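Here the structure comes first, spelled out in structure tokens, and everything after it is commentary.
Residue numbers (the working numbering), protein chains in the order written: chain A, 781 to 1233; chain B, 1104 to 1409.
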């Protein structure tokens, strides 16, 4: 787009951008209400499941002494994985000065915040004694990877919230100044408080740029840590299937696949629902498609290492584990995860057509589901085959199958993540207005102008 | 505080080693009978071996039960100067499962919970099957205590790996970390939870069991403190178990009560430890199942060899 020169043009374009990007906040409709109603209802049912679990004990799940980690932990790994996208898009790509990713960074942060928050919650739901949660702080032992995980996940959540909030400040001021007549009082008040008296002078922008740069650098080690440490919860044990040195990078690579797919799906929903065709352009989907192919290729490389190397040797316990995956009870899930979650996107997304918004949104949904399946078969099969035989225990100790309570709590966790994303989308613009306007050549001085009418 | 717990204890008629001691020693009972006439007021008590007995109220004496904090403190320290080891003679085991029964009784376990589990093993194709009692290995390099986020499971100076069920948060990381599947979890309300409600927790026996926390073999640390052998060792009818102190280099057979030289026993019989390649350094030694005293009965139910 050519540089805009005249103040009138600038103001006009800014008005249009502001209008388009705040429509999702202003507009009220039945569908939104219905959406929240459904989400809250499901979340309520899930919470009830948790109450039942607290009352009766973890025995209401399918977990037993051998498979002692089940679907909750699979969800946990999945959530941590998806949340890692915040680090990739709003930090790594920014620092590499990759321009096209800019409008996507707020979507990525929404996803990051929602999923990392739920990762923290689901782990509490997996505890046998959630009432003793504070023991982690009272008696925390720094030799345990769980303590590292608690540390990095809370840090990551904090940095992600800051990375979401700081670029939001000028937008909040913009809405405070311009949208007084369109918004309910409480929203206006919220924006006024959160805008921290933003005036839009160059010094303030300088502070924002500086803060963002520090945060973007900070989140790199923290982002890599959250998923590496999560992998160490498994890699720190002696069990076949987990006891490998590449588990850390393997998890990180897999996380980028899941996260990229999640962001594409959310982008597509926003584009459709909030009428943002001109903002989440075909070009963005095209680039995100290429990014997905790239991260899938990296993940494929790690998968080959993870399965081919032990598969070649077939050491006793590894062999049992791998046979179970390749052609045993878990083979269907394994091949879905590898086929639909990895090979399919790599092949299809090489074609232009499949990188168009709708096809890529569908492919990304499939990738996302496969990514969850993959986390399931990372956690459960290993536990079903300990080194010593499973004997003198009831039948249900041998194999794990999730119960309805587990399904309910899982639904609660997913729905809660969606609630967080939806609330953020209904409260704040899904694209950073001032950054977008600046990219379109609008001078910052117009941003802090009071509306003329 | 301490007195209060003591009163609670009496009120709830809880199990205690002390009371059991009073009941157990008939000499003391006789002397009591001489001093005081029976009031006829009977009271029901649970002995440490799990039996419900009835005694006259007049014969009851309060005993010194350490408070919970005191119990937790001494439970963490262990018995000074000791270094416990167990030797399991696989050639003697005939799957009598008396060890399992005694253990479940002592530690108030549900039928599916095993601190010690007698497994049917076959090491390779065509080799002879055998029975292998498998308690916690009390490793000197324990993978389980390393991963505990709250220091609820720990290694004592006398070699025992213990759990503080008043601290455990139930994350089950230790189950995942243990290669010997030695740990169990209280998925539901523990066995006889109502019966033991209000009884002061004893860290050295894991009793009463607590819902939502981990439990496992602890070499009957409470019995060791009283100078007794672990429940499983004493219960075995076939002389499978030897138990003792490595510092003294002596182990005692639970069945024959014969005491022998520990290092000689494991050397002469080519003892081994389970999965030593993992580097966990177990404190449980196995004597190979050669010249079995009892033939292996029945089929191998399920084996780790596929």
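Cβ coordinates follow ideal geometry from the N, Cα and C atoms, glycine included. Keep in mind that this is a model prediction, so the values were computed, not measured.
- Counted as a single uninterrupted DSSP element, the beta strand (DSSP E) harbouring residue 1346 of chain B occupies residues 1344-1348.
- Pairing residue 924 of chain A with residue 889 of chain A gives a Cβ-Cβ distance that is not under 8 Å.
- Against chain A, the beta carbon of residue 1378 of chain B has neighbours under 8 Å at 1167, listed in chain order.
- The alpha carbon of residue 946 of chain A has as its nearest neighbour, out of A/966, A/955, A/975, the alpha carbon of A/975.
- Residue 1318 of chain B is bridged by DSSP to B/1287.
- By the beta-carbon neighbour count (other beta carbons within 10 angstroms, threshold 16), residue 1058 of chain A is exposed.
- The distance from the Cβ of residue 1042 of chain A to that of residue 1148 of chain A is about 6 Å, consistent with a contact at the 8 Å cut-off.
- CA-CA distance, residue 1200 of chain B to residue 1342 of chain B, rounds to 13 Å.
- Classified as buried, residue 1261 of chain B has 16 or more neighbouring CB atoms from the shown chains inside 10 Å of its CB.
- A direct Cα-Cα distance of roughly 20 Å separates residue 952 of chain A from residue 792 of chain A.
- With 16 or more other Cβ atoms from the protein chains shown falling within 10 Å of its own Cβ, residue 1347 of chain B counts as buried.
- Taking 8 Å as the threshold, the shortest C-beta distance from residue 1215 of chain B to chain A falls below it.
- Considering only A/918, A/880, A/863, the residue with the shortest C-alpha distance to residue 1040 of chain A is A/863.
- About 19 Å separates the CB atoms of residue 1355 of chain B and residue 1321 of chain B; that is not less than 8 Å, and the two are not in contact.
- In the DSSP assignment, residue 1257 of chain B is bridged to B/1265.
- DSSP places residue 1190 of chain A in the helix class (H, G or I) of the three-state scheme.
- If one requires a minimum length of 4 residues, the alpha helix (DSSP H) runs lying completely within the stretch 1193-1223 of chain A are 1213-1219, in chain order.
- For residue 1236 of chain B, the uninterrupted beta strand (DSSP E) run begins and ends at 1233-1237, by DSSP.
- In the three-state reduction of the DSSP assignment, residue 1148 of chain B falls in the strand class, which pools E and B.
- At a cut-off of 8 Å between beta-carbon atoms, residue 1198 of chain B makes no contact with chain A.
- Closer than 8 Å to the CB of residue 984 of chain A there is not a single CB belonging to chain B.
- No Cβ-Cβ contact shorter than 8 Å links residue 912 of chain A with residue 1252 of chain B.
- In terms of Cβ geometry, residue 1306 of chain B and residue 1187 of chain B do not form a close pair [threshold 8 Å].
- Residue 1359 of chain B is classed as exposed because its beta carbon has fewer than 16 other beta carbons within 10 Å across all chains shown.
- Residue 1171 of chain A has a beta carbon lying within less than 8 Å of a beta carbon in chain B.
- Residue range 1096-1106 is occupied by the alpha helix (DSSP H) that includes residue 1105 of chain A.
- Among the CB atoms of chain A, none fall inside 8 Å of the CB of residue 1332 of chain B.
- Taking 8 Å as the threshold, the shortest C-beta distance from residue 837 of chain A to chain B falls below it.
- Residue 885 of chain A sits away from residue 1045 of chain A, with the two beta carbons spaced by 8 Å or more.
- As for any alpha helix (DSSP H) of minimum length 4 sitting wholly inside the stretch 899-930 of chain A, the runs are 915-918, ordered along the chain.
- A direct Cα-Cα distance of roughly 14 Å separates residue 1212 of chain A from residue 795 of chain A.
- Taking 7 Å as the upper bound on Cβ-Cβ separation, chain A lies near residues 1290, 1291, 1292 of the stretch 1290-1302 of chain B.
- The straight-line gap separating the alpha-carbon atoms of residue 1076 of chain A and residue 1111 of chain A is approximately 21 Å.
- DSSP, reduced to helix, strand and coil, places residue 1310 of chain B within a strand of the structure shown.
- A residue is called buried once 16 or more other Cβ atoms fall within 10 Å of its Cβ, and residue 824 of chain A, having fewer, is exposed.
- Every alpha helix (DSSP H) stretch that sits fully inside the stretch 1005-1083 of chain A and reaches 4 residues is listed by chain position as 1027-1053.
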